[in-house]
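In order, the protein sequence lines correspond to chains A and B. Per my numbering, residue 1 is the first one in the first sequence, and the count goes up by one each step. Per my numbering, residue 174 is the first one in the second sequence, and the count goes up by one each step. First the structure, in the form of structure tokens, and then the observations on it.
There are 2 protein chains.
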Amino acid sequence: AMEKSYVSMFLLLIAVSCALAKDAGKKDTKETTAKPKLPQTLSRGWGDQLIWTQTYEEALFRSKHSQKPLMIIHHLEECPHSQALKKVFAEHKDIQKLAEKFILLNLVYETTDKNLAPDGQYVPRVLFIDPSLTVRADITGRYSNRLYAYEPSDISLLYSNMQKALKLLKTEL
Amino acid sequence: AMEKSYVSMFLLLIAVSCALAKDAGKKDTKETTAKPKLPQTLSRGWGDQLIWTQTYEEALFRSKHSQKPLMIIHHLEECPHSQALKKVFAEHKDIQKLAEKFILLNLVYETTDKNLAPDGQYVPRVLFIDPSLTVRADITGRYSNRLYAYEPSDISLLYSNMQKALKLLKTEL
């Protein structure tokens, strides 16, 4: 007899909205038939010379074991606000340098961990997690309705938030 | 006041063993300081011309919406059994062709979904999921103690199992 085990715990959380974007393209969360350019990379343009983790599980493991904070960028490839932030992020030399001190993950599909959506799912959304596996919900951007959103003009705030995240809550020696 | 939300639901399941491998290298699950060769790709050598998904969540979404079955290969880069299977998998033209009909995911870090470890976590381990999001626990290899393990000599069985997985349990029209 065939065993059936449904993947019920993994709800498909795809209700992602492009933050602040009223004129965003309509294909944000839709499948497209166009094939991506090969090879597919983990950086997706957020810093090709940086090391990116593939999955949340990998990122948590590496953060915990390296004692580096984890930086998670939620984005969508066809969201203009995501694209704009990516451009300034990738071209900002100090940010790219500072990013080396983090475990890095960029995600187009949401995880099932509600801790990563303290005020909802939207993109672009940047969250920091301490190596003690604490979500740094205190590290926020400028927008009270979307605490973890950043616009390109907020890049200096994002930089200083990265510096803040590097001060670990509790260092294990 | 700083909010703290711990990532408690995401236990770090890293107790992966390299199937059948008694003489495997000792660095399978350890961090290494060596940087990976850039750019990091999603294929990891399992078929560079194929389209690979990044995460389990993405793979489930694409499987459901494309009505293609999902094939998940759990492996470790330093596990010789994983390496050996990867080599024959990547060089097998019929398998590479047939793989185009699947949503593909290769994972080095385990997900938290227990449905993906019907008889435990080990590598290499190949599981199929129907677009109805049913784990095809009935599609197995030759080893009764590790039902979803394949050795290089089992490549024809893996091919026929892929054909079996393509017969969907329930087609939505």
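Just so you know, even glycine gets a beta-carbon here, dropped at the ideal spot from N, CA and C.
Please state whether DSSP places residue i in a helix, a strand or coil.
i: residue 92 of chain A; result: coil
i: residue 159 of chain A; result: helix
i: residue 17 of chain A; result: strand
i: residue 165 of chain A; result: helix
i: residue 202 of chain B; result: Low per-residue confidence applies at residue 202 of chain B: pLDDT is 42, beneath 50, and the placement is therefore not dependable enough to give any value.
i: residue 147 of chain A; result: coil
i: residue 86 of chain A; result: helix
i: residue 117 of chain A; result: coil
What are the partner residues of residue i, as DSSP defines its beta bridges?
i: residue 225 of chain B; result: B:277
i: residue 235 of chain B; result: According to DSSP, residue 235 of chain B bridges with nothing at all.
i: residue 73 of chain A; result: A:106, A:126
i: residue 41 of chain A; result: B:214
Quick one: Cα of residue i to Cα of residue j, how far?
i: residue 265 of chain B; j: residue 272 of chain B; result: 11 angstroms
i: residue 66 of chain A; j: residue 101 of chain A; result: 10 angstroms
i: residue 168 of chain B; j: residue 333 of chain B; result: Since the displayed chain B opens at 174 and closes at 346, residue 168 of chain B lies outside it and no answer follows.
i: residue 219 of chain B; j: residue 262 of chain B; result: 7 angstroms
i: residue 49 of chain A; j: residue 212 of chain B; result: 8 angstroms
i: residue 310 of chain B; j: residue 225 of chain B; result: 22 angstroms
i: residue 246 of chain B; j: residue 324 of chain B; result: 13 angstroms
i: residue 148 of chain A; j: residue 191 of chain B; result: 39 angstroms
i: residue 115 of chain A; j: residue 128 of chain A; result: 11 angstroms
i: residue 170 of chain A; j: residue 307 of chain B; result: 42 angstroms
i: residue 294 of chain B; j: residue 285 of chain B; result: 11 angstroms
i: residue 338 of chain B; j: residue 256 of chain B; result: 24 angstroms
At the 7 angstroms Cβ level, is residue i part of the contact set with chain B, yes or no?
i: residue 41 of chain A; result: yes
i: residue 28 of chain A; result: Confidence at residue 28 of chain A is low in this model, with a pLDDT of 41, below 50, so its placement is unreliable and the value that follows should be read with caution. With 7 angstroms as the cut-off, residue 28 of chain A does not count as an interface residue toward chain B.
i: residue 109 of chain A; result: yes
i: residue 54 of chain A; result: yes
i: residue 21 of chain A; result: At residue 21 of chain A, the pLDDT of 40 sits below 50, so the modelled position is not reliable; the number obtained from the coordinates is stated separately. Judged by the 7 angstroms Cβ criterion, residue 21 of chain A is not in contact with chain B.
Does residue i get closer than 7 angstroms to chain A when you measure Cβ to Cβ?
i: residue 336 of chain B; result: no
i: residue 230 of chain B; result: yes
i: residue 240 of chain B; result: no
Would you please state the rounded distance, in angstroms, between the beta carbons of residue i and residue j? I believe it to be under 8 angstroms.
i: residue 77 of chain A; j: residue 108 of chain A; result: 6 angstroms
i: residue 242 of chain B; j: residue 327 of chain B; result: So it is not a contact: roughly 19 angstroms between Cβ atoms.
i: residue 71 of chain A; j: residue 123 of chain A; result: Their Cβ separation, rounded to whole angstroms, is 15 angstroms, which puts residue 71 of chain A and residue 123 of chain A out of contact at 8 angstroms.
i: residue 276 of chain B; j: residue 235 of chain B; result: 5 angstroms
i: residue 228 of chain B; j: residue 55 of chain A; result: 5 angstroms
i: residue 157 of chain A; j: residue 142 of chain A; result: 7 angstroms
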